[in-house]
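Below you'll find the structure, written out as structure tokens, and then a few comments.
In the UniProt record's numbering, the protein residues as written are 1 to 747.
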């Protein structure tokens, strides 16, 4: 229970506000003229109940010299204070009916918005429905958060891997164990595509011929058995005697072959009688010449292929390695051949050994020679053979690559490389974390979809079981207020993601969907008057309060709950307020109309405490004790002065307007009739019924001659009593004021 609004500073109109009266009671009426702080006081209490500092910040006094503050004294919770932008505690359950409640829960301007429909969930479905709707809202909120996180992660993945278009497929695709090899092959395919022209022009490496070691061994051991040993001995002695050495045999053979008519090719002497020449001719037979040519050919071919000292082996290896370096960049050659320096030396040593063997054979063709270090030579050339075996495999791959260049496409090759590289990046920071997050987020999103569908179905089931009863309770309240409409077809839906309540306004057999304003057909705006909308909002509020689990402990704040209501609805409103006061902890009613507060007081059996909220032009506010009886007396006198002044000279007293004056006419005459004829007219009898009673009484009634004036004044002021009437014509208004002045005379 709120006991006092001890102090308020720099909020709304109030520079300061002080409570200068006894504490509030269980049923409290607070009178305040328009613009003097009722809405501000409601916002302060709402801010404390909702712990929402924004409601205070939005009402910070213009020109404030310090920060807003407030001190509310509660029966159970003690001092609840607002300072430095926050409340120190919550006062407990509080329900506030004011313009903010209407804006949140029923309509904004002339439209029932989606937010309004969401806010009706706790009103129409109660706390259990709220729990179900909150579950949906929480899941929906989490779903939106996840969607944002997933979007952020996907952007990060695409920034790191622009080639990725299908995030789901990318994340779910496993990374092969040999991804490095796959990427290397893709890179080489890309390079092959980029360098297709160069590839076509560049020749593949060629292997080096392998020496026929067995053939060389056989050639070294070969001789010509038919040649005489004496001829060979004489030939060899002659070569040695003349130091002819390696080329001696060939020089002598050349000379024999060029002798003509047995004359020496050097001195032209006759050699027919020279025994040595005859021996030489026998020696250099055709068979010998052929044999010698074979030796020369073997030697020359070997030297041309490998070099005299094996230098061409080194050149071959260097060139081949260079070629393979190029091809390995565009082809997946597999195992690339290598020849270590040690192995190269062994090969060169074998070459030199065979070259020496062939040179020896060349020097002594008929000598039977053997290779002493044959095993070492074979081992050396085996290393070369191993190198060339791998080289041949590479050559096959290179040949295939060269033949396929026409089918290559740089764009496709680049895409294939990028996709494989993206898979590699997926296993490395930071992408490995992004992928893990995406997997977790999407997994949770799928779970939420399932949970959300289940929660929505639970809410639909609950709604189906309870909505008819809630709709009936609302319609019972509307009926008690005497409305000509009800609500119908109430249901929950999930338009706009979150749960909301949809209903229709029913007038007779016609049903009008509530929603946005329509310009070309009936809608919420056009089928309900301002009083109807106020009554509907108050009915929703009453249902919410009474359905609340904390109703009996709640403080209920009502700010002008009878707005735009006629007298019958005002009476029903006061009845509902007194019923609330009997069941709730406390009801505080704020109003600008002393008659309405007097109706509350009248039947409260002395349980209503009354106060006035006031504020000076300087912003000094106060809450003081107040009497509706005294206020109405003062009001009667002020209304009489305003009406008489305008009737007499057509001038408005200070603060009076045509709109306010026309609203004074009927209430003033009703008060006049009750004051002149005490006890004759019931409290809720209005001017039209008073005129009818006078007419029924006949000509003996003192007011009989004024019946037509009473009815004319009632008809004239009716449209303006609750707003919406046209601006009064000054002449017509003055004429009606003169009628009133004439009726009351000097009374």
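Every residue gets a Cβ at the ideal spot worked out from N, C-alpha and C, and that includes glycine. The structure displayed is predicted, hence computed values, not measured ones.
Setting aside the 5 residues that flank it on each side, residue 95 is surrounded in the same chain by 545, 554, 556, each with a C-beta closer than 6 Å to its C-beta; the list follows chain order. Within the DSSP bridge table, the entry for residue 620 names 16 as partners. The alpha-carbon of residue 21 is positioned some 8 Å away from that of residue 611. The three-state reading of DSSP puts residue 9 in strand, counting E and B together. For the pair of segments examined, the region 124 to 141 was found to touch the region 454 to 463: the number of CB pairs separated by less than 8 Å reaches three. Here residue 5 is near residue 19, since their CB atoms are less than 9 Å apart. Pairwise C-beta distances place the region 573 to 582 out of contact with the region 51 to 67, as fewer than three of them are shorter than 8 Å. Taking residue 572 as the centre and dropping the five residues before and after it, the same chain places the C-beta of 480, 481, 482 closer than 8 Å to its C-beta, in chain order. Judged by DSSP secondary structure, residue 208 falls outside any beta strand (DSSP E); it is assigned neither H nor E. Runs of the beta strand (DSSP E) lying entirely within the region 566 to 644, each at least 3 residues long, are 586 to 591, 608 to 615, 620 to 625 in chain order. Taking every protein chain shown into account, the CB of residue 329 has fewer than 16 other CB atoms within 10 angstroms, so this residue is exposed. Boundaries of the alpha helix (DSSP H) around residue 475: 431 to 480. Counting of Cβ neighbours within 10 angstroms places residue 297 among the exposed residues, the total staying below 16. Residue 69 is bridged by DSSP to 9. In the three-state scheme derived from DSSP, where H, G and I count as helix and E and B as strand, residue 178 is classed as coil. Counting of Cβ neighbours within 10 angstroms places residue 198 among the exposed residues, the total staying below 16. A straight line joining the alpha-carbon of residue 90 with that of residue 25 spans about 20 Å. For residue 12, same chain residues with a beta-carbon under 7 Å away, outside a window of 5 residues either side, are 37, 40, 59, 61 in chain order. Residue range 510 to 513 is occupied by the beta strand (DSSP E) that includes residue 512. In its chain, beyond the 5 residues on either side, 426 have a beta carbon closer than 7 Å to the beta carbon of residue 432.
Straight across, the Cα-Cα distance linking residue 398 with residue 419 is about 25 Å.
Cβ-Cβ distances below 7 Å link residue 414 to 190 in the same chain, with the five nearest sequence neighbours on each side left out; the list follows chain order. Of all alpha-carbon atoms in 8, 75, 33, the one lying nearest the alpha-carbon of residue 586 is that of 75. A Cβ-Cβ separation of about 5 Å places residue 320 in contact with residue 205 under the 8 Å criterion. An exposed status is given to residue 684, since fewer than 16 other beta-carbon atoms sit within 10 Å of its beta-carbon. In its chain, beyond the 5 residues on either side, 445 have a beta carbon closer than 8 Å to the beta carbon of residue 147. Residue 97 is positioned such that its CB atom lies closer than 9 Å to that of residue 538. The distance from the Cβ of residue 207 to that of residue 391 is about 6 Å, consistent with a contact at the 8 Å cut-off. Residue pairing of residue 327 in beta bridges, as defined by DSSP: absent, with no partner found.
With fewer than 16 other beta carbons inside 10 angstroms of its own, residue 704 counts as exposed.
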